[in-house]
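Undergrad:
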Amino acid sequence: MDKKRISLNESKTTIANITQHKEHEAKLMSKASNLGRAIRDEVVLSSEGLEEMKERLRKLFNELNEIYSEEESQKNKLTEKLEKFVDYRLVKLINSNDGWYEQLEKTFSGDYLKGNIVAVWHILYIKAEAPAMKRAFLSKLRTVIFSEEAQSFSYVKFLAYKYLFKCSPSELRLSNEEITENFTRLITENMEKVYLKAILSSIHKNWIPHIPILKDLTTKTKDNELHSLCYKKGLIDEVPNLYKRHVFQPRLIQNNEELIFESRKIVVGDPIRYLEDEDLKTIKYRLFRFDKGNWRVQYTGTLDSLKDVSWHYDDLIKSLLKSLVSWLKVQIIMEDQRVPSSVVDPDHIWFDMKTGHIYLLGNPAWQLDYLFDKTPSILWKKSFVSLFQVLFNIDLSKGINVFKKSWTSSQSPLLYHWQYRILNYLFSNKFSVTIFLQQMDKVLCDMESKTIVDFEQIKLDHIVKHYVTDLEHRDNFILIANFVEGSWKNGSKECYFFTLHNHEHARYLVYRLHEIFERSGFSIYLNSKEAFRLFSACFLHDFGMLSEPTKHRLHDTNKMDIQHLQNEIRQILQVAVARNPGSVDLELQQIYEIFGNVERVRENIVRVEHPYISEKELVGDYPDLPLSVAERRDIGVISAAHGWGKAEVINISDDLHDGKHPIHLKLLSLLLRIADLSDVSKERVRREVLERNYHRMSDTSVFHWIKHLSVDKLTIEHRDLEDGATEIIFTISHNYLPTGSILTEVLERTCGKNCKKIDSNDMSEFIDRGANLGRGSFFSYFERSQCDITCAFINESYRWFYAEVIFINDYFRQNEIPVSFDLKIVKTEQSQVDFNFIKNRNSLKSAQEFMFQYFQK
Numbered sequence: 002m003d004k005k006r007i008s009l010n011e012s013k014t015t016i017a018n019i020t021q022h023k024e025h026e027a028k029l030m031s032k033a034s035n036l037g038r039a040i041r042d043e044v045v046l047s048s049e050g051l052e053e054m055k056e057r058l059r060k061l062f063n064e065l066n067e068i069y070s071e072e073e074s075q076k077n078k079l080t081e082k083l084e085k086f087v088d089y090r091l092v093k094l095i096n097s098n099d100g101w102y103e104q105l106e107k108t109f110s111g112d113y114l115k116g117n118i119v120a121v122w123h124i125l126y127i128k129a130e131a132p133a134m135k136r137a138f139l140s141k142l143r144t145v146i147f148s149e150e151a152q153s154f155s156y157v158k159f160l161a162y163k164y165l166f167k168c169s170p171s172e173l174r175l176s177n178e179e180i181t182e183n184f185t186r187l188i189t190e191n192m193e194k195v196y197l198k199a200i201l202s203s204i205h206k207n208w209i210p211h212i213p214i215l216k217d218l219t220t221k222t223k224d225n226e227l228h229s230l231c232y233k234k235g236l237i238d239e240v241p242n243l244y245k246r247h248v249f250q251p252r253l254i255q256n257n258e259e260l261i262f263e264s265r266k267i268v269v270g271d272p273i274r275y276l277e278d279e280d281l282k283t284i285k286y287r288l289f290r291f292d293k294g295n296w297r298v299q300y301t302g303t304l305d306s307l308k309d310v311s312w313h314y315d316d317l318i319k320s321l322l323k324s325l326v327s328w329l330k331v332q333i334i335m336e337d338q339r340v341p342s343s344v345v346d347p348d349h350i351w352f353d354m355k356t357g358h359i360y361l362l363g364n365p366a367w368q369l370d371y372l373f374d375k376t377p378s379i380l381w382k383k384s385f386v387s388l389f390q391v392l393f394n395i396d397l398s399k400g401i402n403v404f405k406k407s408w409t410s411s412q413s414p415l416l417y418h419w420q421y422r423i424l425n426y427l428f429s430n431k432f433s434v435t436i437f438l439q440q441m442d443k444v445l446c447d448m449e450s451k452t453i454v455d456f457e458q459i460k461l462d463h464i465v466k467h468y469v470t471d472l473e474h475r476d477n478f479i480l481i482a483n484f485v486e487g488s489w490k491n492g493s494k495e496c497y498f499f500t501l502h503n504h505e506h507a508r509y510l511v512y513r514l515h516e517i518f519e520r521s522g523f524s525i526y527l528n529s530k531e532a533f534r535l536f537s538a539c540f541l542h543d544f545g546m547l548s549e550p551t552k553h554r555l556h557d558t559n560k561m562d563i564q565h566l567q568n569e570i571r572q573i574l575q576v577a578v579a580r581n582p583g584s585v586d587l588e589l590q591q592i593y594e595i596f597g598n599v600e601r602v603r604e605n606i607v608r609v610e611h612p613y614i615s616e617k618e619l620v621g622d623y624p625d626l627p628l629s630v631a632e633r634r635d636i637g638v639i640s641a642a643h644g645w646g647k648a649e650v651i652n653i654s655d656d657l658h659d660g661k662h663p664i665h666l667k668l669l670s671l672l673l674r675i676a677d678l679s680d681v682s683k684e685r686v687r688r689e690v691l692e693r694n695y696h697r698m699s700d701t702s703v704f705h706w707i708k709h710l711s712v713d714k715l716t717i718e719h720r721d722l723e724d725g726a727t728e729i730i731f732t733i734s735h736n737y738l739p740t741g742s743i744l745t746e747v748l749e750r751t752c753g754k755n756c757k758k759i760d761s762n763d764m765s766e767f768i769d770r771g772a773n774l775g776r777g778s779f780f781s782y783f784e785r786s787q788c789d790i791t792c793a794f795i796n797e798s799y800r801w802f803y804a805e806v807i808f809i810n811d812y813f814r815q816n817e818i819p820v821s822f823d824l825k826i827v828k829t830e831q832s833q834v835d836f837n838f839i840k841n842r843n844s845l846k847s848a849q850e851f852m853f854q855y856f857q858k
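Following my numbering, the numbering of the sequence shown begins with 2 at its first residue and continues without gaps.
1) Could you spell out where the beta strand (DSSP E) holding G363 opens and where it closes?
2) Taking C-beta to C-beta, are R57 and G545 nearer than 7 angstroms?
3) At the level of alpha carbons, what is the spacing between W122 and E84?
4) Quick check on D1: buried or exposed, where buried means 16 or more other Cβ atoms within 10 Å of its Cβ?
5) Compute the Euclidean distance between the alpha carbons of I730 and L392, then round it to the nearest angstrom.
6) What does the Cβ neighbour count give for A27, buried or exposed, with the cut at 16 atoms within 10 Å?
7) Rounded to the nearest angstrom, how far is the Cβ of K825 from that of G777, given a contact under 8 angstroms?
8) How about R57: is its Cβ closer than 6 angstroms to a heavy atom in the ligand GTP?
9) Mind checking which residues open and close the beta strand (DSSP E) that includes P341?
10) For S702 and K55, what's the separation of their Cα atoms in angstroms?
11) Around the C-beta of L9, are 16 or more other C-beta atoms found within 10 angstroms, so that it is buried, or is it exposed?
12) Does the Cβ-Cβ distance between G363 and L288 come in under 7 angstroms?
13) Taking all protein chains shown into account, decide if A579 is buried (16 or more other Cβ within 10 angstroms of its Cβ) or exposed.
14) Which same chain residues end up closer than 7 angstroms to A120 when comparing Cβ atoms and leaving out the 5 residues on each side of it in sequence?
15) Are the Cβ atoms of L416 and K323 separated by less than 7 angstroms?
16) Curious, which full-length alpha helix (DSSP H) runs of at least 4 residues does the segment 491-542 contain?
17) Any idea which residues DSSP pairs F822 with across the strands?
18) Skipping 5 residues on each side, what residues in its chain have a beta carbon closer than 8 angstroms to that of F109?
19) Where does S847 fall in DSSP's three states?
20) Hey, how far is the Cα of S765 from the Cα of V454?
21) Give the range of the alpha helix (DSSP H) segment to which V834 is assigned.
22) Helix, strand or coil: how does DSSP classify P663 here?
23) For the beta strand (DSSP E) that contains R252, what are its first and last residues?
24) Kindly indicate which three-state DSSP category E190 falls into: helix, strand or coil?
25) Give me the residue from F836, L748 and I768 with the minimum Cα distance to R793.
26) Count the other C-beta atoms from every protein chain shown that fall within 10 angstroms of the C-beta of L541, then say buried if there are 16 or more, exposed otherwise.
27) For F385, which of helix, strand or coil comes out of DSSP?
28) May I have a chain-ordered list of the beta strand (DSSP E) segments no shorter than 3 residues that lie completely inside the segment 288-356?
29) Output needed for H735: all residues of its chain with C-beta closer than 8 angstroms, excluding positions within five of it in sequence on either side, in chain order.
30) Sort out for me which residues DSSP pairs Y286 with in a bridge.
31) Would you list, in sequence order, the uninterrupted beta strand (DSSP E) runs of no fewer than 3 residues that lie entirely inside the segment 673-745?
32) Tell me which residues share the same chain as G771 and place their Cβ nearer than 7 angstroms to its Cβ, disregarding the 5 neighbours each side in the sequence.
33) Where does the unbroken alpha helix (DSSP H) through F138 begin, and where does it stop?
34) Is there contact here, the segment 223-233 with the segment 307-326, by at least three beta-carbon pairs under 8 angstroms?
35) Would you kindly work out how many angstroms separate the C-alpha atoms of Q390 and K319, rounded to a whole number?
36) Below 7 angstroms between beta carbons: does that hold for I639 and L619?
Spelled out as structure tokens, the structure:
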């Protein structure tokens with residue numbers, strides 16, 4: 002504190018014991034904060050999620066009552082604070098007309114003046130979409146204007162008058178009688194000037210003809226502010242002096258070899274020291290100087306403005322930006338020079354086309370730069386926004402936008418990937434010109450300049466930025482996602498018939514994780530560095546599938562699969578030799594059989610070992626991936642863990658740190674495993690691919706494709722438990738589940754060590770621990786008496802999912818996280834007894850028939 006020259010205010014400082022109440026209060030406000038951040042960042046995506054969020058906000062009061070059941074004074078103080086927090090956010094979550102009307106009545110009932118009326122009224126006004134809703138809102142405001150309570154609070158009446166005339170009479174569908182009775186009669190000759198200003202500041206122009214008295218009232222007074230408002234609204238023709246002084250638009254004039262910036266602002270006192278004229282490589286910097294009432298700068302030759310140059314070529318844009326960034330880094334970061342923000346404004350960048358020189362004009366009067374001790378970040382941000390709007394041919398008035406204003410048939414309507422990354426930095430809440438220049442320099446050095454941004458990735462980034470707050474990590478995540486998408490561009494050569502494990506699968510996992518966090522009321526908390534590791538692992542955990550098995554692995558005769566392959570090939574050769582002892586003469590069928598056996602071994606190696614290959618490649622390969630050594634290690638462990646058994650996952654350390662940030666690596670691994678298992682819908686496969694290639698696929702692959710085709714959807718819901726915890730329920734809805742009986746001994750043999758009837762300690766523990774899972778399922782999986790093809794199908798499809806639910810619930814319980822998971826398997830109302838997974842002119846293949854053959858093999 003001494004170093005930062007700050008001290009405590011002794012009169013307002015007390016030392017209090019940290020009681021159990023205080024701990025509960027801190028947890029409660031932390032929960033409220035997490036809910037508030039989710040609402041602010043607009044990451045509650047569904048209407049059901051909005052309703053759940055409302056309910057969670059209301060339940061904060063129940064928790065408060067439990068903390069302070071007796072201490073009324075403390076409870077009242079916190080209740081008032083919580084009420085303001087909750088009320089405002091409930092208004093923001095309105096998503097129906099009924100909800101809006103309900104909130105309208107609540108806002109204007111009781112002691113409404115104690116609430117946050119400025120914010121709440123604004124949200125009500127914005128969300129009043131129908132004319133009837135707007136009329137109802139204005140009716141309440143008229144009541145406020147005439148109420149006794151509001152007479153003592155002029156700001157309340159001022160606010161009411163501001164909204165009263167904002168909408169046009171036609172938009173409100175008002176008759177002339179209603180206009181007179183409910184609106185114009187409120188404006189009288191005795192009206193106070195402050196309320197006239199409120200009306201004029203926001204009145205819709207279509208109201209003017211209906212209120213002729215307004216002009217008389219405003220012209221009779223000598224109030225300069227009122228005169229300016231009247232002129233702005235067209236009530237008077239003469240330009241008021243005050244309006245002339247404050248509304249004059251500064252402009253840049255080109256006159257021979259001089260640029261003049263007209264400004265009505267007068268420079269008083271010593272001018273701030275700016276960087277003087279300087280030439281550096283292709284950059285010629287020139288500083289405007291105040292002379293004869295205006296700012297002037299002189300140049301030689303013929304200059305063209307940046308706005309006069311065509312910017313349709315990506316390489317030309319990058320070249321200009323590189324020159325700009327290099328020069329600004331030298332001046333601002335290395336030499337700590339004061340440079341006006343105008344140097345990146347498109348009106349102040351000029352070109353000498355003959356010499357190729359770039360003229361950057363430093364204008365201290367631009368955005369009144371010289372009035373500040375140091376150029377504020379907001380001025381730099383505005384100038385960069387103006388620059389990119391021109392260079393990228395895009396409208397940035399409402400924030401990040403990736404759609405160009407115009408394009409040709411040979412161009413993409415979307416921005417390039419590198420442009421999107423720059424805009425992400427520019428529109429961050431923590432914009433700083435020094436950091437922005439460094440990050441922009443990093444982006445411009447990226448050679449992948451021709452990649453078009455993916456709109457699906459933009460949607461995903463909206464979710465990710467809620468969890469990953471660090472700007473550089475967010476940019477690194479974009480690079481990782483782009484790397485994985487590019488890697489999967491042409492699919493996996495070794496696992497062509499696998500279900501999707503590419504960037505689409507990765508995005509699904511991020512969305513499911515977000516939905517899990519949302520359903521938990523954000524009780525599952527990740528810090529920014531943990532979130533970055535987990536979401537990066539969603540993209541990187543399967544990319545080991547893209548690598549072929551190594552030569553060492555294929556020649557490792559100690560491996561059972563290689564030994565088995567050798568035996569199969571040996572048998573084929575023995576048959577060939579027996580047929581023709583004099584030579585090894587293989588028939589075509591035998592050649593294809595050998596090839597098929599080799600391919601199955603290669604495929605199975607990739608299927609089983611890809612989690613560990615992903616970890617190995619993350620730790621020791623791909624140096625261009627933007628990950629630190631610690632991040633590679635952690636993401637590698639998370640990736641490998643999705644293929645590990647329970648015994649290995651238990652030993653993952655949960656006590657790591659990245660700087661001051663704890664990294665709960667075991668939790669991250671468990672979350673990825675549960676999200677990975679939840680990707681079971683039909684969107685992960687395509688029937689067209691199955692129809693063309695099923696005869697080349699292994700039975701295991703065909704089984705998984707049929708399983709995915711039979712799933713209509715997976716939904717995630719929640720249920721609040723009596724102990725205050727939240728139960729998150731995964732419900733998998735099937736349009737088909739195989740039914741019928743197969744001999745018990747056949748099924749027991751097929752299910753092998755995973756058969757529920759096995760009398761072993763591990764299986765008995767699994768059955769006992771899962772007894773309370775799956776309530777409401779179509780099939781009672783944990784009933785040992787159940788033994789048919791449905792049981793075998795669920796056992797094969799979801800045994801690991803159930804086991805993982807039990808595993809992660811143990812973790813939650815041990816770490817006092819008030820969350821538990823459950824899994825339900827149900828049939829849809831339109832479910833069918835059978836369906837053809839192959840259906841074309843030449844062939845029909847029944848799912849039911851395949852399942853019977855599969856479980857009797």
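All C-beta atoms, glycine included, are put in the ideal place defined by N, C-alpha and C.
TA: Looking at the atomic coordinates:
1) H358 to G363
2) no
3) 16 angstroms
4) Residue 1 falls outside the range modelled here, since the chain spans only 2 to 858, and no answer is possible.
5) 49 angstroms
6) exposed
7) 5 angstroms
8) No copy of the ligand GTP appears in this structure; indeed no ligand is present at all.
9) Looking at the DSSP string, P341 is not in any beta strand (DSSP E), and its letter there is neither H nor E.
10) 44 angstroms
11) exposed
12) yes
13) exposed
14) Y89
15) no
16) 504-520 and 529-541
17) I729
18) K141, T144 and V145
19) strand
20) 52 angstroms
21) From DSSP, V834 is part of no alpha helix (DSSP H); its letter is neither H nor E.
22) strand
23) R252 to N256
24) coil
25) In the sequence as displayed, the identity of residue 793 is Ala instead of Arg. Ranking the options by Cα distance to A793, first place goes to L748.
26) buried
27) helix
28) 290-292, 295-299 and 350-353
29) S711, V712, D713, F779, I826, V827, K828, T829 and S832
30) E279 and L361
31) 712-721 and 727-737
32) F783, Y803 and I807
33) P132 to F147
34) no
35) 14 angstroms
36) no
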